[in-house]
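*Asks:* The structure that follows is given in the form of structure tokens.
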Amino acid sequence: MNASPSRRDFLKAAALLPLVAAAGAALSPTTALAAVEPIKRVGGPMLKTSLNAYSFAKLLGTGGTGSLKLVELAEVCAKMGFDAFDPTGYYFPGYEKNGPGVPTDKVIYALKRRAFDLGLGISGTGIGNNFTIADKDARAVDVQRIKNWSEVAAKLGAPVIRVFADTQLRAQTWESASKGAKRDDVEKWIADDIRACAEHAGKFGVIIGVQNHGDFIKTADDQLNLIKRIDSPWCGAIVDTGYYKADDVYAEMAKAAPYAVNWQIKQSPYGVEKEAEAPTDMKRLLKIVRASGYRGYLPLETLSPRSGGSGYDPYKVVPKFLAELRQAIAETA
Amino acid sequence: MSTSFTRRRFLATSALLPFAAAGFSSARAAYQPIARHSGPHLRTSLNAYSFSDLLNANAKDATKGLDLFQVCDFAAKVGFDAVDLTGYFFTGYPKAPENSYLVRLKRHVFNLGLDISGTGVRNDFTAADPATRAEGVALIKTWIEVAAKLGAPTVRAFADAQPPFKTWQQASGNAPREKVEAWMADACRECAEHGKNFGVIVAVQNHGDFIATGAEHLSLLKRVDHEWCAALVDTGKYLSADPYADIAVMAPYAVNWQIKETMQSSLKSPRVDMKTLVAIIRQSGYRGYVPIETLSMGRKDYNPHAEVTKMFTDLRAALA
Numbered sequence: 001m002n003a004s005p006s007r008r009d010f011l012k013a014a015a016l017l018p019l020v021a022a023a024g025a026a027l028s029p030t031t032a033l034a035a036v037e038p039i040k041r042v043g044g045p046m047l048k049t050s051l052n053a054y055s056f057a058k059l060l061g062t063g064g065t066g067s068l069k070l071v072e073l074a075e076v077c078a079k080m081g082f083d084a085f086d087p088t089g090y091y092f093p094g095y096e097k098n099g100p101g102v103p104t105d106k107v108i109y110a111l112k113r114r115a116f117d118l119g120l121g122i123s124g125t126g127i128g129n130n131f132t133i134a135d136k137d138a139r140a141v142d143v144q145r146i147k148n149w150s151e152v153a154a155k156l157g158a159p160v161i162r163v164f165a166d167t168q169l170r171a172q173t174w175e176s177a178s179k180g181a182k183r184d185d186v187e188k189w190i191a192d193d194i195r196a197c198a199e200h201a202g203k204f205g206v207i208i209g210v211q212n213h214g215d216f217i218k219t220a221d222d223q224l225n226l227i228k229r230i231d232s233p234w235c236g237a238i239v240d241t242g243y244y245k246a247d248d249v250y251a252e253m254a255k256a257a258p259y260a261v262n263w264q265i266k267q268s269p270y271g272v273e274k275e276a277e278a279p280t281d282m283k284r285l286l287k288i289v290r291a292s293g294y295r296g297y298l299p300l301e302t303l304s305p306r307s308g309g310s311g312y313d314p315y316k317v318v319p320k321f322l323a324e325l326r327q328a329i330a331e332t333a
Numbered sequence: 334m335s336t337s338f339t340r341r342r343f344l345a346t347s348a349l350l351p352f353a354a355a356g357f358s359s360a361r362a363a364y365q366p367i368a369r370h371s372g373p374h375l376r377t378s379l380n381a382y383s384f385s386d387l388l389n390a391n392a393k394d395a396t397k398g399l400d401l402f403q404v405c406d407f408a409a410k411v412g413f414d415a416v417d418l419t420g421y422f423f424t425g426y427p428k429a430p431e432n433s434y435l436v437r438l439k440r441h442v443f444n445l446g447l448d449i450s451g452t453g454v455r456n457d458f459t460a461a462d463p464a465t466r467a468e469g470v471a472l473i474k475t476w477i478e479v480a481a482k483l484g485a486p487t488v489r490a491f492a493d494a495q496p497p498f499k500t501w502q503q504a505s506g507n508a509p510r511e512k513v514e515a516w517m518a519d520a521c522r523e524c525a526e527h528g529k530n531f532g533v534i535v536a537v538q539n540h541g542d543f544i545a546t547g548a549e550h551l552s553l554l555k556r557v558d559h560e561w562c563a564a565l566v567d568t569g570k571y572l573s574a575d576p577y578a579d580i581a582v583m584a585p586y587a588v589n590w591q592i593k594e595t596m597q598s599s600l601k602s603p604r605v606d607m608k609t610l611v612a613i614i615r616q617s618g619y620r621g622y623v624p625i626e627t628l629s630m631g632r633k634d635y636n637p638h639a640e641v642t643k644m645f646t647d648l649r650a651a652l653a
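Quick note, the sequences are listed as chains A and Y, same order. The first sequence begins at 1 in the working numbering and counts up by one. The second sequence begins at 334 in the working numbering and counts up by one.
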């Protein structure tokens with residue numbers, strides 16, 4: 001039995017060698033991780049509520065042009081009793097859908113201060129990007145945008161910034177956006193791009209969260225394969241409970257949960273249009289979250305049904321959904 | 334009626350003139366309480382200073398005591414929502430720590446699901462020597478940038494004398510109180526102006542020397558008159574007959590707290606009545622973290638793990 005530990009030690013030492021060699025090359029993208037591991041959780045689950053600003057998309061308006069400003073949304077969240085909110089990048093004055101623009105420090109710190117005075121945490125932020133497109137230069141523009149926004153996140157005190165691995169182009173899929181490229185090639189594009197973002201974000205202590213959005217990332221395996229290929233300690237999963245395309249969507253959530261750095265809790269795992277027939281089983285979801293040991297914020301994101309006309313009222317939908325989340329947190333404690 | 338409107342507008346405009354002339358960019362007529370909203374919302378935090386001895390032991394010999402990372406682990410296990418990471422215990426203090434250390438600490442706290450409610454340094458703005466005060470300003474400015482990188486919303490500053498001086502009278506060479514308050518206000522304002530550029534609030538703590546009452550605390554803040562400077566209410570350092578009344582005076586201006594075990598941070602003074610305290614904090618509409626800080630107070634058998642857990646249990650009971 002003596003030989004066994006020595007052999008293990010030897011293997012361990014040998015396994016570290018390539019990393020030591022890589023560490024010598026200061027600019028090597030290789031990180032100190034042998035492999036992407038689940039997030040280390042300590043102390044058992046501890047869950048807090050948050051609201052993703054996208055729930056108020058129409059009222060906020062891209063670039064903050066709507067009738068509701070982000071600082072006002074923060075007040076709405078405080079009033080509703082959320083612990084935090086997740087102000088999506090789109091709604092900041094200065095957001096550019098296709099350009100590198102970011103809000104001024106004045107805008108950022110005014111929001112940070114208002115949230116602080118409200119006792120409201122900032123659980124994350126996010127921007128839109130397209131890493132599945134064949135056009136390399138266009139991807140480079142998005143890499144720069146994410147880098148810029150990771151600095152915005154740091155200034156705000158938002159620990160995570162959401163990026164997409166799926167195409168965000170209207171009426172397109174990753175297959176059409178990539179002009180028929182092979183899945184493995186597209187995964188490499190995305191991984192290389194997100195790795196570059198994560199290295200930058202990591203300097204600011206900000207994590208890049210990759211959200212599943214039902215296109216390139218349909219399953220937890222798709223999501224984890226990508227994250228493992230990115231192989232950065234500053235990249236993790238944003239588990240969107242409404243956007244796995246699989247037979248057992250809850251099994252997908254359970255598989256991704258150990259890697260989660262943030263969430264988007266949706267009204268139905270099959271899209272909001274299915275809310276009436278198949279609402280999210282909040283108790284089942286919370287058991288999954290707790291089993292993973294996740295500690296942190298659980299942001300809700302409510303959506304306006306695509307075919308639903310103008311009936312969607314976040315002022316009504318959000319408090320009802322928050323009550324369900326709180327009940328599920330309490331019932332599974 | 335239109336005359337009246339015009340007149341009101343004129344008065345409103347002229348009221349702003351002195352500020353414009355003095356170069357103040359603030360549109361506020363006077364220093365105001367923090368705008369509260371939606372009723373109170375309190376969450377727990379742990380000030381790392383409770384583990385002062387163990388943290389210092391670890392700084393001297395890494396095999397001993399606890400480091401900040403382990404204090405965070407403890408806070409998570411007990412059930413705190415946040416930690417308040419005193420600057421003294423950062424590797425490199427009083428210099429700004431390496432960026433790699435800060436992002437590692439920030440990430441550790443994130444993985445624990447905790448927030449960072451604040452950080453703090455040691456400064457002496459009561460000292461007669463301008464160099465001592467300037468040193469404090471420089472340190473707070475440095476730490477504002479550290480706080481910004483960590484995501485800590487506040488940096489604690491002292492308004493009282495620090496060693497080698499025992500009192501502000503001694504530190505100031507018996508300068509008049511009025512003069513010392515002016516020194517202090519100028520120094521705090523300079524720090525707050527830097528804080529504004531990083532979205533970090535300078536939180537001035539009462540420490541029972543120059544600031545021994547709520548009235549003294551408020552007088553200083555009004556003299557600083559800066560949106561990014563507010564109060565850190567130390568519940569164990571108002572040295573008056575009715576410290577709860579002082580706490581009530583200052584709660585509207587609070588951006589952070591230190592909840593102590595006793596009302597004058599000594600074993601001779603009465604233990605905090607957590608229910609009374611929480612009622613006062615709630616009355617002010619405060620929303621945010623209420624960090625606990627336990628002290629050895631000369632106890633040879635001081636066990637921070639046990640004292641912190643006890644205070645946490647008391648605080649949670651009072652919150653519920």
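Virtual Cβ for every residue (Gly too), placed ideally from N, Cα, C.
What are the residues in the stretch 69-97 of chain A lying within 7 Å of chain Y by C-beta distance?
*Replies:* Listed in sequence order: E75, A78 and K79.
*Asks:* Is A/A23 close to chain Y? Criterion is C-beta to C-beta, closer than 8 Å.
*Replies:* Residue placement at A/A23 cannot be trusted, given a pLDDT of 38 that sits under 50; the coordinates are not used to answer.
*Asks:* Give me, in chain order, the residues of the same chain whose beta-carbon lies closer than 8 Å to that of A/S6; leave out the 5 immediate sequence neighbours on both sides.
*Replies:* Residue placement at A/S6 is flagged as unreliable, the pLDDT there being 42, under the threshold of 50; a coordinate-derived value is accordingly withheld.
*Asks:* Can you tell which of Y/N389, Y/T627, Y/N456 and Y/A581 has its C-alpha closest to the C-alpha of Y/N380?
*Replies:* Closest option to Y/N380, Cα to Cα, is Y/T627.
*Asks:* With a 10 Å radius around its C-beta and 16 neighbouring C-beta atoms as the bar for buried, classify A/Q223 as buried or exposed.
*Replies:* Buried.
*Asks:* Between the stretch 46-70 of chain A and chain Y, which residues of the former have a C-beta closer than 7 Å to a C-beta of the latter?
*Replies:* Correct list: M46.
*Asks:* How close, in whole Å, do the beta carbons of Y/I614 and Y/L648 come, if the pair is a contact with beta carbons under 8 Å?
*Replies:* With 8 Å as the limit, Y/I614 and Y/L648 do not qualify as a contact, their Cβ atoms being about 11 Å apart.
*Asks:* Run through the DSSP bridge pairs and tell me what Y/N380 is partnered with.
*Replies:* Answer is Y/D417, bridged to Y/N380.
*Asks:* For a contact meaning CB atoms closer than 9 Å, what does Y/G420 contact in chain A?
*Replies:* Here the premise fails: no neighbours, minimum Cβ distance about 17 Å.
*Asks:* Taking 8 Å as the threshold (beta carbon to beta carbon), is A/G209 in contact with chain Y?
*Replies:* Chain Y contact via Cβ: absent.
*Asks:* Determine whether the beta carbon atoms of A/C77 and A/L120 lie at a separation below 8 Å.
*Replies:* In this structure, A/L120 lies closer than 8 Å to A/C77 by Cβ.
*Asks:* Run through the DSSP bridge pairs and tell me what Y/N589 is partnered with.
*Replies:* Answer is Y/L565, bridged to Y/N589.
*Asks:* Please classify A/K48: does DSSP put it in a helix, a strand, or coil?
*Replies:* If DSSP states are grouped into helix, strand and coil, A/K48 belongs with the strands.
*Asks:* Indicate whether at least one CB of chain Y lies closer than 8 Å to the CB of A/P299.
*Replies:* By this cut-off, A/P299 is not an interface position.
*Asks:* Within the 8 Å Cβ cut-off, does A/I108 reach chain B?
*Replies:* Going by chain labels, chain B is absent from the structure shown, which instead holds the protein chains A and Y.
*Asks:* In chain order, what residues of the stretch 523-535 of chain Y put their CB closer than 8 Å to some CB of chain A?
*Replies:* Under the 8 Å Cβ criterion, the stretch 523-535 of chain Y contributes K529, N530, F531, G532 and I534.
*Asks:* Quick check: the stretch 145-158 of chain A against the stretch 193-204 of chain A, are there 3 or more CB pairs under 8 Å?
*Replies:* The stretch 145-158 of chain A is in contact with the stretch 193-204 of chain A.
*Asks:* Using a beta-carbon distance below 8 Å, is A/A319 in contact with chain Y?
*Replies:* The identity of residue 319 of chain A in the sequence shown is Pro, whereas the question assumes Ala. No, A/P319 does not count as interfacial toward chain Y.
*Asks:* Would you call Y/Q616 buried or exposed, if buried means 16 or more other Cβ atoms sit within 10 Å of its Cβ?
*Replies:* Its Cβ having fewer than 16 others within 10 Å, Y/Q616 is exposed.
*Asks:* Keeping to the same chain, check which residues put their C-beta closer than 7 Å to that of Y/V442; ignore five residues upstream and five downstream.
*Replies:* Same-chain partners within the cutoff: C405, V416 and I449.
*Asks:* Could you check what DSSP says for A/A165 in three-state terms: helix, strand or coil?
*Replies:* Coil, per DSSP.
*Asks:* Determine the closest residue to A/S304 out of A/E275, A/A257 and A/L325, with distance taken between C-alpha atoms.
*Replies:* The shortest C-alpha separation from A/S304 is found at A/E275.
*Asks:* Quick check on this structure: which residue in Y/H370, Y/Y364 and Y/E594 has the alpha carbon closest to the alpha carbon of A/A115?
*Replies:* The residue with the shortest Cα to Cα distance from A/A115 is Y/H370.
*Asks:* Can you check whether the CB of Y/T377 is closer than 8 Å to the CB of Y/A623?
*Replies:* Checking the sequence shown, residue 623 of chain Y turns out to be Val, not Ala. Closer than 8 Å, so yes.
*Asks:* I need the straight-line Cα distance from A/D281 to Y/A574, nearest angstrom please.
*Replies:* Going from the Cα of A/D281 to the Cα of Y/A574 covers about 56 Å.
*Asks:* For the structure I just gave you, are there three or more beta carbon pairs, one from the stretch 238-249 of chain A and one from the stretch 174-194 of chain A, closer than 8 Å?
*Replies:* Segments in contact, no.
*Asks:* Might you give, ordered along the chain, the residues of its own chain that have their beta carbon closer than 8 Å to the beta carbon of A/G24, omitting 5 neighbours on each side?
*Replies:* Unreliable positioning characterises A/G24 in this predicted model, as indicated by a pLDDT of 36, which lies under 50. A coordinate reading is not provided.
*Asks:* Among residues of its own chain, excluding the 5 on either side of Y/T459, which ones have a beta-carbon nearer than 6 Å to its beta-carbon?
*Replies:* Around Y/T459: A494, W501, A504, S505, V513 and F543.
*Asks:* Leaving out five residues on either side along the sequence, give the residues of the same chain with a beta carbon under 7 Å from the beta carbon of Y/E478.
*Replies:* The residues are A429 and F531.
*Asks:* Which chain A residues are close to Y/I367, counting only those with a beta carbon under 7 Å from its beta carbon?
*Replies:* By Cβ distance, chain A contributes D117.
*Asks:* Could you tell me which uninterrupted alpha helix (DSSP H) segments, each at least 4 residues in length, are contained entirely in the stretch 600-630 of chain Y, listed from first to last along the chain?
*Replies:* Qualifying alpha helix (DSSP H) stretches, in chain order: 607-616.
*Asks:* Name the chain Y residues that come within less than 7 Å of A/I39, Cβ to Cβ?
*Replies:* In chain order: N444.
*Asks:* Could you check whether the Cβ of A/L47 sits closer than 7 Å to any heavy atom belonging to the ligand HEM?
*Replies:* This structure simply doesn't include the ligand HEM, nor any ligand for that matter.
*Asks:* Between which two residues does the alpha helix (DSSP H) harbouring Y/F407 extend?
*Replies:* Per DSSP, Y/F407 belongs to the alpha helix (DSSP H) from L401 to V411.
*Asks:* Counting only C-beta atoms, is A/G126 closer than 8 Å to chain Y at any point?
*Replies:* False, the Cβ-Cβ gap to chain Y never drops below 8 Å.
*Asks:* Would you kindly check if the distance between the Cβ of A/A134 and the Cβ of A/S176 is under 8 Å?
*Replies:* Cβ atoms of A/S176 and A/A134: not closer than 8 Å.
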